[in-house]
Every structure is written in structure tokens, then in C-alpha cells.
Amino acid sequence: MSDQIVNALPPRILLGVNVDHIATLRQARGTRFPDPVQAALVSEEAGADGITMHLREDRRHIQDRDIELAMQMLNTRLNLEMAVVEEMITLAERLRPANVCLVPEKRAELTTEGGLDVVGGGDRIRQACQRLAAAGCEVSLFIDPEPDQIQAAFDAGARAIELHTGTWVEASRDNADVELARIAAAAEMAHTLGMTVNAGHGLHYHNVEAIAAMPWFHELNIGHAIVSRAALTGLDEAVREMKRLMVQARAFSTFEHSA
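Under this note's numbering, the residue at position 18 of the sequence shown is numbered 169, and the numbers go up by one with no gaps.
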């Protein structure tokens, strides 16, 4: 990788707020509230640098209307998470969100269970990246922190990735340090390739600092923890506290990395 162009380290850490679970609460009663678009605007005011919405094929929470309204109203940017299927690619080509993150999707899962298999995805993922890039979207791939998946993402034309942090979050105490080191190594590798490196899945108020302190990460996407905190303290406070923890961790980071 010595012959690759290395990006400058991100000057600060960004927070992307996932509002899917605001929509989950709305859909539970089939009402018009709480509105995830309103939640997105509150999150922006509280310091969110972007908003993530996952439009699932079964429309279990976010609806097409939410994506379209968010595109009109956001002052930051929308990160549209979606499966690598024709319906979603066509929709993204029409709406042209600033960011699209391609994720694996299973109908029965409660939440995304792992990273996208880019190695096995081949031409299907490469073609999706090409089409979305042609539509003006920055394309990222949600992948596990594995070197072969990172290289495959780069080869597929993606210039951004989101590393799946769930395995570390759920690791036993004996394995947590190993999983954290795996994330760090993956982030550094992707950064060395010149990719924008994001992370997400399972991050909360008691673990986010360990990831935010790593200098290679551009943005962390967090949803469930913030919405859960918001149920008790309000969304504005929940977003502000998460952002404070992240910025503080980066500012006082002693994380060592190669030049």
C-alpha cells in the first residue's frame, strides 16, 4: 500500500444521527407522529452533521415520503442506507441524496446483522457503485473490518466505507481488545487506500469514545442509543451529549498511528 495516495487525517469527528427508530415508534401505532423528518431537523439544530435513514424493502420504519421530505428540508445532508437491489438503486438515482450507504438486508432481522459481502458481491456491487456515483451520490459500503472486504470495496469503486462495529460491541471482555484492534487496523488500511472511513452499529454513550478517539474516522453513525436516550431526556440533549463525547475523545486522543 506504500504507493497509494494517503488522505490527510480528518480534522474533526462528525456525527450522523440515524432516525429510523423514531419512525419505528410511529409505525407501531400507524399514526403520523413522531415524525422522523422533524426528529432530523431537531438533531441538526443540536449539532448533528448528517442524518441517516434506512429505507428497507419491507418499509418497516422509514417510508418513501420521509426520504423525499428530508431531501427537501435538511440543511446538512442525507445518508440513505439501502440494499443493493434495483428498486432502491433506481430510487436513489431519482432522488440523488448526498450519501448512499449500501448495506446487507434480511427480512427477518431486527437490525443489520453484519457487513456487506463485497468479496462475493462482484459485479453487482461494482455496477451499483458506478450507477450511484454517476447520479452524484457519494457511495459507501457497510462492511466488516476485514482486509479483504476493504480491498474489494476499493476495487468496486467505493471511495468510502462504514466499518461495522457490532462485533466489538458484543464481544466478551476477553475478546474486546482484539476486536477493537481489528477495527483500528481496518480503519488505518482504508485510510491508507485514500478512502473516507466511517463507522457504526451498536455504538452508545459508554463505548463511543474508544472509536471516536481513532484518528482515521470521519463520521460515526448512531441511532438506537440516541433515540433511547431521547425517550428519557429529549432529543436535543441526547444528540448534544453524544457529540460532546465524540469531540472530547478526539481532542484528547492519545491513539498512536503510523504516519
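Where a beta carbon is used, it is the ideal one built from N, C-alpha and C, also for glycine. These numbers were taken from a predicted model, which means no experiment stands behind them.
Checklist line | Min CB distance LEU165 to chain D below 8 Å | finding: Absence of chain D from the displayed structure is noted, only one protein chain being present.
Margin query: Helix, strand or coil, according to DSSP, for PHE403 in the structure here?
Written below: coil
Check: What is the DSSP secondary structure of MET152, reduced to helix, strand or coil?
Finding: Note that MET152 scores a pLDDT of 42, beneath 50, so its modelled location is shaky and nothing firm can be said.
Checklist line | Cβ-based burial, GLU313 [other Cβ within 10 Å; buried from 16] | finding: buried
Margin query: Could you tell me the alpha carbon to alpha carbon distance between GLU232 and VAL398, rounded to whole angstroms?
Written below: 25 Å
Item checked: Cβ neighbour criterion (16 or more within 10 Å) applied to SER194 -> buried
Notebook entry, point to check: Hey, LEU354 and ILE373: beta-carbon distance below 8 Å or not?
Noted result: Yes, Cβ-Cβ distance for LEU354 and ILE373 is below 8 Å.
Check: Ends of the beta strand (DSSP E) at ILE301?
Finding: Counting along the chain, ILE301 falls outside any beta strand (DSSP E), though it belongs to the alpha helix (DSSP H) covering 298-306.
Check: Can at least three beta-carbon pairs, one atom from the stretch 170-181 and one from the stretch 206-215, be found at a separation below 8 Å?
Finding: Enough Cβ pairs lie closer than 8 Å, so yes.
Margin query: Relative to the C-alpha of TRP367, which candidate in GLY265, ARG183, ALA335 and ARG177 has its C-alpha closest?
Written below: ALA335
Notebook entry, point to check: Per DSSP, what kind of secondary structure is CYS288 in: helix, strand or coil?
Noted result: coil
Note to self: My output table needs one value for ILE334: the three-state DSSP class, helix, strand or coil.
What the structure shows: helix
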